[in-house]
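Asks: Residue numbers (my numbering): 21 to 345. Cβ atoms here follow ideal geometry from the backbone N, Cα and C, with glycine treated the same way. Have a look at this one.
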Amino acid sequence: MAERVRGVLRRHGYADQAWTETSAEDAAGGLAGRIAGEDTALVVVCGGDGTVRACADVLAGTGIPLAVVPCGTGNLLARNLRLPADPAGALEAALSGETARIDVGRVGGDGPGAARFTVMAGAGFDAAMVGGTSARAKERLGWAAYVLSAVRHLRDPRMRLSIRLDGGPARERRARMVVIGNVGTLQGGLPLLPGARPDSGRLEVALLDPRGVRGWLAAAAHLGACMLPGRRSAGGARGEYGPVAGGALEYFSAARVDIRFARPQARELDGDVIGSGTRLTAEVEPGALRMWLPPRTAGNADAPSGPHSPATAEPAPRINDFDRG
21 MAERVRGVLR RHGYADQAWT ETSAEDAAGG LAGRIAGEDT ALVVVCGGDG TVRACADVLA
81 GTGIPLAVVP CGTGNLLARN LRLPADPAGA LEAALSGETA RIDVGRVGGD GPGAARFTVM
141 AGAGFDAAMV GGTSARAKER LGWAAYVLSA VRHLRDPRMR LSIRLDGGPA RERRARMVVI
201 GNVGTLQGGL PLLPGARPDS GRLEVALLDP RGVRGWLAAA AHLGACMLPG RRSAGGARGE
261 YGPVAGGALE YFSAARVDIR FARPQARELD GDVIGSGTRL TAEVEPGALR MWLPPRTAGN
321 ADAPSGPHSP ATAEPAPRIN DFDRG
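As structure tokens, this is what we get:
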């Protein structure tokens, strides 16, 4: 696979390549130091959402374009941007397209310092599910390992929380899970946040609070219905926010989200656990990340004249049909 990726880069004019390995201690592989003072034309990330997130955290705001080679367990950013599943094929498709600017989310709270995400930040059920999935299980089972972990956490206690949107009044809620998303589709095409778009300048929020078996079934039926043709606008899209599925789901949208928990809760960013805490804040950074995307994904994007064209300050484009398949 590595040689195929190198070959794709050479065909697109990137003959001068410098490669580095990432690690659990340095998920970005020293990227910040490598691009400092260098004329970097492109950064290619071969990995999953956690590796992409770490590199996006470094690249956001620099104008240096990113291309994703999906090699992880979930690859949710790549899926939402309609990149091919084949690693080298994804790079070929992206570099045959155009660059576009997408949003990133910036999180804060107690515990770890500020960091960015490209997919989702969450607390409660989803963070417990992520934390309960071992690296060995992911290697053996792929994303199905998360399903097994989810089953073990179905009976976890509900959270008491307050949520503020764009500095507004606090709303008191109980929930099993809260997710703040830049994109909205999970594995299998499940649209958890149907209104999420990575170029909207906003973040979408879902509270999941099913009560008993009926509540879980209602939530599952609602999300399943959103997968049907013509139903992708249901719940969280076109301004349709509030409770749905008998209250098992509730949707919000904001540029800034501030959540406080009555007790410390497990939290995650793009599939990586960031530790427990009583606060989670998220703010959108519109158009902060420049990416190479396939022609069918990048709409009205800047089209540089060659691989070594400098980054430009173009406005964030609309991304066409990235969630339509």
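Could you name the residues that DSSP lists as bridge partners for R310?
Replies: R121
Asks: Mind checking if P306 is an interface residue toward chain C, Cβ cutoff 7 Å exclusive?
Replies: Here chain C cannot be found, since the structure has a single protein chain.
Asks: According to DSSP, simplified to helix, strand and coil, what is L185?
Replies: Correct three-state label for L185: strand.
Asks: DSSP on L213, reduced to helix/strand/coil?
Replies: coil
Asks: Leaving out five residues on either side along the sequence, give the residues of the same chain with a beta carbon under 6 Å from the beta carbon of P230.
Replies: Cβ contact annotation for P230 (same chain, cutoff 6 Å, sequence separation greater than five): W236, A239 and A268, in chain order.
Asks: Tell me the rounded alpha-carbon separation between G201 and L29.
Replies: 31 Å
Asks: Closest to Q285 by CA distance: which of M179, P107, G92 and A164 is it?
Replies: M179
Asks: Identify whether C66 lies in helix, strand or coil by the three-state DSSP scheme.
Replies: strand
Asks: Assuming contact is defined by CB atoms lying nearer than 7 Å, are A143 and L289 in contact in what I supplied?
Replies: no
Asks: Rounded C-beta distance between V64 and T71? I'm assuming under 8 Å.
Replies: Rounded, the Cβ-Cβ distance is 11 Å, inconsistent with contact.
Asks: Applying the criterion that 16 or more other CB atoms from any shown protein chain within 10 Å of the CB defines a buried residue, is D278 buried or exposed?
Replies: Its Cβ being crowded by 16 or more others within 10 Å, D278 is buried.
Asks: Please check the pair A226 and V203, which I expect to be a contact at CB under 8 Å, by giving their CB distance rounded to whole angstroms.
Replies: Rounded, the Cβ-Cβ distance is 13 Å, inconsistent with contact.
Asks: Going by DSSP, what residue range makes up the alpha helix (DSSP H) through P90?
Replies: Not the alpha helix (DSSP H): P90 falls in the beta strand (DSSP E), residues L86 to P90.
Asks: Find out if the Cβ-Cβ distance for the pair W312, T40 is shorter than 7 Å.
Replies: no
Asks: May I have the straight-line CA-CA distance separating A165 from G94, to the nearest angstrom?
Replies: 10 Å
Asks: Leaving out five residues on either side along the sequence, give the residues of the same chain with a beta carbon under 8 Å from the beta carbon of V25.
Replies: V64, C66, V89, P107, A108 and L111
Asks: Please identify the residue among L228, G307 and A80 whose C-alpha is closest to the C-alpha of E270.
Replies: L228
Asks: Quick one: Cα of P104 to Cα of G92, how far?
Replies: 13 Å
Asks: What is the DSSP secondary structure of M149, counted as helix, strand or coil?
Replies: helix
Asks: Between A302, L248, D59 and R175, which lies nearest to Q37 when the distance is taken from Cα to Cα?
Replies: D59
Asks: Report buried or exposed for G53, applying the criterion of at least 16 other Cβ atoms within 10 angstroms of its Cβ.
Replies: exposed
Asks: Across which residues does DSSP place D278 in a beta bridge pair?
Replies: R184 and T301
Asks: Can you tell me whether E224 is buried or exposed, with buried defined as 16 or more other CB within 10 angstroms of its CB?
Replies: buried
Asks: Could you check whether P214 and C246 sit closer than 7 Å to each other, using their CB atoms as the reference points?
Replies: yes
Asks: Comparing C-alpha positions only, which one of R175, V150 and R136 sits nearest to A308?
Replies: R136
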